[in-house]
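Under our numbering, the first residue of the sequence shown is numbered 137, with each subsequent residue one higher. A virtual CB, placed ideally from N, CA and C, is assigned to each residue, including glycine. Written below as structure tokens is the structure these notes are about.
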Amino acid sequence: MNASRLLFTDLHHEVDHKQLHIQGAIPEWLSGTLFRNGPASHLDGHLFDGLAMIHKFTLDSGRATYSNRFLRTGVYEQAMKTGKTSSGFATPPQSGETGSNPNVSVMKMDHHFVAMTESPDVVEFDPYSLRTVGVLPYADQLAAHYTTAHPHLDIHQRGLINFTVEFGRTCYYHIYGLPAGSRKRTLIASIETDRPAYMHSFGITENHIVLVEFPLLFHPQELFAGDKPIAECMHWTPGRGTRFLVVGKRSGKLEKIVECGDYFSFHLINAFEKQGDIFIDACTMRSAGFIQSLSGSDMTDKPFSPANQPAMLRFHLAADKQTARVEKLSEEYMEFPGIHYQWANAQDYRFAYGVSTNQLQPENVENQLIKVDTRSGKALTWFQPGHYPGEPVFAPAPGAKAEDDGAILSVVLDGHSGHSYLLILNAESFAEIARAEVPHHIPYGFHGLFTNELFIEERNETR
Ligand SMILES: [Fe+2]
Numbered sequence: 137m138n139a140s141r142l143l144f145t146d147l148h149h150e151v152d153h154k155q156l157h158i159q160g161a162i163p164e165w166l167s168g169t170l171f172r173n174g175p176a177s178h179l180d181g182h183l184f185d186g187l188a189m190i191h192k193f194t195l196d197s198g199r200a201t202y203s204n205r206f207l208r209t210g211v212y213e214q215a216m217k218t219g220k221t222s223s224g225f226a227t228p229p230q231s232g233e234t235g236s237n238p239n240v241s242v243m244k245m246d247h248h249f250v251a252m253t254e255s256p257d258v259v260e261f262d263p264y265s266l267r268t269v270g271v272l273p274y275a276d277q278l279a280a281h282y283t284t285a286h287p288h289l290d291i292h293q294r295g296l297i298n299f300t301v302e303f304g305r306t307c308y309y310h311i312y313g314l315p316a317g318s319r320k321r322t323l324i325a326s327i328e329t330d331r332p333a334y335m336h337s338f339g340i341t342e343n344h345i346v347l348v349e350f351p352l353l354f355h356p357q358e359l360f361a362g363d364k365p366i367a368e369c370m371h372w373t374p375g376r377g378t379r380f381l382v383v384g385k386r387s388g389k390l391e392k393i394v395e396c397g398d399y400f401s402f403h404l405i406n407a408f409e410k411q412g413d414i415f416i417d418a419c420t421m422r423s424a425g426f427i428q429s430l431s432g433s434d435m436t437d438k439p440f441s442p443a444n445q446p447a448m449l450r451f452h453l454a455a456d457k458q459t460a461r462v463e464k465l466s467e468e469y470m471e472f473p474g475i476h477y478q479w480a481n482a483q484d485y486r487f488a489y490g491v492s493t494n495q496l497q498p499e500n501v502e503n504q505l506i507k508v509d510t511r512s513g514k515a516l517t518w519f520q521p522g523h524y525p526g527e528p529v530f531a532p533a534p535g536a537k538a539e540d541d542g543a544i545l546s547v548v549l550d551g552h553s554g555h556s557y558l559l560i561l562n563a564e565s566f567a568e569i570a571r572a573e574v575p576h577h578i579p580y581g582f583h584g585l586f587t588n589e590l591f592i593e594e595r596n597e598t599r
């Protein structure tokens, strides 16, 4: 039996602030909460359509506790009744309850913790109990059929930046800011497009917002016909190339469109500008054809095969050129990239963290953590055969004095014992500091959020 199979096996168990056994020693300074989001049930369908579960690790005074809970959305309730998920990314539309199943990321919007996916509704949960609060409404009417689960925190204006896609006879990308303390999105730019691209993330620099249109294009008329899931309304269109839409952050003006060859990426690593040039770093594949294969019993055979490993590419958008120059940042591969966001976002940064498959012992799923120095291309790795780490989340040391002054947190499946654990690495040396052992497996997760807040206040609630 494949040791990684539990990554794609349902978890139905929910626990509340379970004290975890620690190996090693969690440093006293590492105090806060890691929230993780990912699909945890109905994993026999497409991975992106599994029911959203929030996992919570609380680190406090060298101790660790764990809680997990499904989001009680309409999609969840319907799945409990019928045994099937309703329309999702790759699930055909069905009659009955639909809505959001936000299984991708966790964000903090003011004091609200929300789960996000690419349908526009964000779902709030209680950071103490993980109970579902419900859809957190916006106080505006911005047209939105699609969005990203990866908003940016703007470093110069407090608040978030993200965009929506409006499908119609004419389609638009609506880039917006959500100021801190407000539920009203402020339109920065609306860009008309006849063939909107699937974009999972985007970049911001000091003065610009950059949407990267890879040639995976929506056919809006197919979406409106309503008989196919979203994944089948997107078409890989080789020869169309990649287009970088460079928008002035303050002016809202589409300043230029820079092009290069065919690529695909879920995750940009970072973006920044220097002397008028813009640099976009991304975990990049040569095709998006594998998306449709992320389902069924062959999950551990195909989707993350070494052939699909994303290369770390830097796209250099020179001020006076209409074509991007492409260079490799490292010989290492990387997916689920993370940076010391508060320090390095939109800056000429140095370190990226991620997962990949070990080049000497490759598997069809990511099996190691890596830290890459983007200036030298050199990498440090954490690897243990039969162990499968998820996205590394950077937790800065208090008053961090260097970009890599902090810890890396990653939820790892031990494929031998069948249990998962929270792994804590020294972000500078990549040496293991501690692991906090969960008494069951945790399926393949997507994204998380670390906050130095603790949500452990006693509440007399029953589950
Ligand atoms: Fe993502």
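- Relative to ligand 1, the nearest heavy atom lies less than 8 Å away from the CB of alanine 285.
- Annotated three-state conformation of threonine 587 is strand, per DSSP.
- If you draw a straight line from the Cα of valine 240 to the Cα of aspartate 185, it comes to about 10 Å.
- For cysteine 307, the beta-bridge partners assigned by DSSP are Thr329.
- Ligand 1 approaches phenylalanine 582 closely enough that one of its heavy atoms is under 8 Å from the residue's Cβ.
- Taken through DSSP and simplified to helix, strand or coil, glutamine 504 comes out as strand.
- Between the region 251–271 and the region 385–400 there are fewer than three inter-stretch CB-CB distances shorter than 8 Å, so the stretches are not counted as touching.
- Contact between alanine 176 and proline 579 holds: their C-beta atoms lie close to 5 Å from each other, under 8 Å.
- DSSP lists Val548 as the bridge partner or partners of proline 525.
- The DSSP assignment places 188–196, 199–206 as complete runs of the beta strand (DSSP E) inside the region 175–227, in order along the chain (cut-off: 3 residues).
- Checking the 8 Å criterion, the Cβ of valine 240 is within range of a heavy atom belonging to ligand 1.
- Take glycine 554, set aside five residues on each side of it, and the residues of its chain with a beta-carbon closer than 7 Å to its own are Leu142, His577, in chain order.
- Nearest to lysine 244 by C-alpha distance, out of Val151, Pro287, Gly526, is Pro287.
- If you check the CB distance, phenylalanine 582 and glutamate 527 come in under 9 Å.
- Secondary structure note for tyrosine 557: its beta strand (DSSP E) is the uninterrupted segment 555–562.
- Contact annotation, threonine 378 with glutamate 349: C-beta distance approximately 7 Å; criterion of less than 8 Å satisfied.
- Annotated three-state conformation of tyrosine 282 is strand, per DSSP.
- With a 10 Å radius around the Cβ and a threshold of 16 neighbouring Cβ atoms, asparagine 173 comes out buried.
- Beta bridge pairing from DSSP links threonine 459 with Glu395.
- Looking at the DSSP output, aspartate 484 shares a beta bridge with no other residue.
- When secondary structure is reduced to three states using DSSP, leucine 390 falls in the strand class.
- Non-local beta-carbon contacts of aspartate 246 in its own chain, meaning distances under 8 Å to residues more than five positions away in sequence, involve Ala316, Gly317 in chain order.
- At a threshold of 8 Å, serine 337 counts as near ligand 1, since its beta carbon sits closer than that to one of the ligand's heavy atoms.
- If you check the C-beta of phenylalanine 299 against ligand 1, you find no heavy atom less than 8 Å away.
- Taking 8 Å as the cut-off, the C-beta of histidine 182 does not count as close to any heavy atom of ligand 1.
- Cβ-Cβ distances below 6 Å link proline 238 to Ala188, Ala251, Met252, Thr253, Val259 in the same chain, with the five nearest sequence neighbours on each side left out; the list follows chain order.
- Contact between leucine 404 and glycine 339 holds: CB atoms are separated by about 5 Å, below the 8 Å threshold.
- Of the other Cβ atoms in all chains shown, fewer than 16 fall within 10 Å of the Cβ of arginine 294; this residue is therefore exposed.
- DSSP places leucine 359 in the uninterrupted alpha helix (DSSP H) bounded by 356–361.
- Bounds of the beta strand (DSSP E) holding aspartate 417 are 413–420.
- Remark: the shortest separation between the CB of histidine 403 and any heavy atom of ligand 1 falls under 8 Å.
- Between isoleucine 366 and phenylalanine 225, the C-beta gap is smaller than 9 Å, which places the two residues in contact.
- Assigned with DSSP and collapsed to three states, isoleucine 578 falls in coil, not helix or strand.
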